[in-house]
Amino acid sequence: MQPFFSRRIGLDQFGQPQTIDGGAKLTGQAGANDVGVLLVRTGADQGQGIVGEDFGVVRMRRRVLTQSYFGGIYTWRHERGSAVDDRHTAGVDFRLATSSFLGSENLELSGFVLGNTIAGSMEDALAFGGRLAYPNDLWSGSLDVSEVQANHNPSLGFVRRRGFRSY
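So for the sequence shown, my numbering puts the first residue at 133; every next one is plus one.
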């Protein structure tokens, strides 16, 4: 998903490494489906005021045609021993691409929508965008549109900035 810049699993709110108690990762394919699941438990550090957390990620992608896909992602974050509500992020994305446009040219259309839970309201908590690209040797071009709303704050990962539109 495009709005993610990096990850937060194993880092506290100040970016300092946390102890990871354990985790499991499963990736694979089932027919035309790509599947990924990640579960991680981080340790608490009472001296530093760091609570332990549980994280979960599920990513599925269905390959279609030769170079295209439709996908979805769900992430979950839970602070153990804290009054902070669990945080959730969910989204869908797609890519439709061909290398035989007008005979032998490349053409692709892609897009995503990503939303998250925030305390009190779901208003202005989306990130979305799309791209139409013609990436070829002699002529190349693209049209990109995206928006990250002011309250978008994914449960895992983070965005460079919020509250903007890009064309």
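Even glycine gets a Cβ: it sits at the ideal position worked out from N, Cα and C. Owing to the predicted nature of the structure, the values given are computational and were not obtained by experimental measurement.
In whole angstroms, what separates the C-alpha of residue i from that of residue j?
| i | j | result |
| --- | --- | --- |
| Thr-249 | Leu-241 | 28 Å |
| Val-224 | Leu-158 | 20 Å |
| Leu-270 | Tyr-201 | 27 Å |
| Leu-239 | Ala-282 | 32 Å |
| Ser-298 | Asp-276 | 8 Å |
| Ala-164 | Ser-274 | 28 Å |
| Gly-142 | Gln-148 | 8 Å |
Is it the case that the Cβ atoms of residue i and residue j are separated by a distance below 8 Å?
| i | j | result |
| --- | --- | --- |
| Leu-288 | Thr-230 | no |
| Gly-261 | Ser-272 | no |
Residue i by DSSP, collapsed to three states: which one?
| i | result |
| --- | --- |
| Trp-271 | coil |
| Phe-137 | With a pLDDT of 47 at Phe-137, under the threshold of 50, the modelled position of this residue cannot be trusted, and the question is left open. |
| Val-189 | strand |
| Ser-214 | coil |
| Gly-289 | coil |
| Ala-222 | strand |
| Gly-142 | coil |
Does the Cβ of residue i have 16 or more other Cβ atoms within 10 Å, making it buried, or fewer, making it exposed?
| i | result |
| --- | --- |
| Ile-205 | buried |
| Val-189 | buried |
| Leu-234 | exposed |
| Leu-246 | buried |
| Ala-162 | exposed |
Please look up how many angstroms separate the CB atoms of residue i and residue j, rounded, as I've assumed it's under 8 Å.
| i | j | result |
| --- | --- | --- |
| Gly-203 | Arg-193 | 4 Å |
| Gly-155 | Val-172 | 4 Å |
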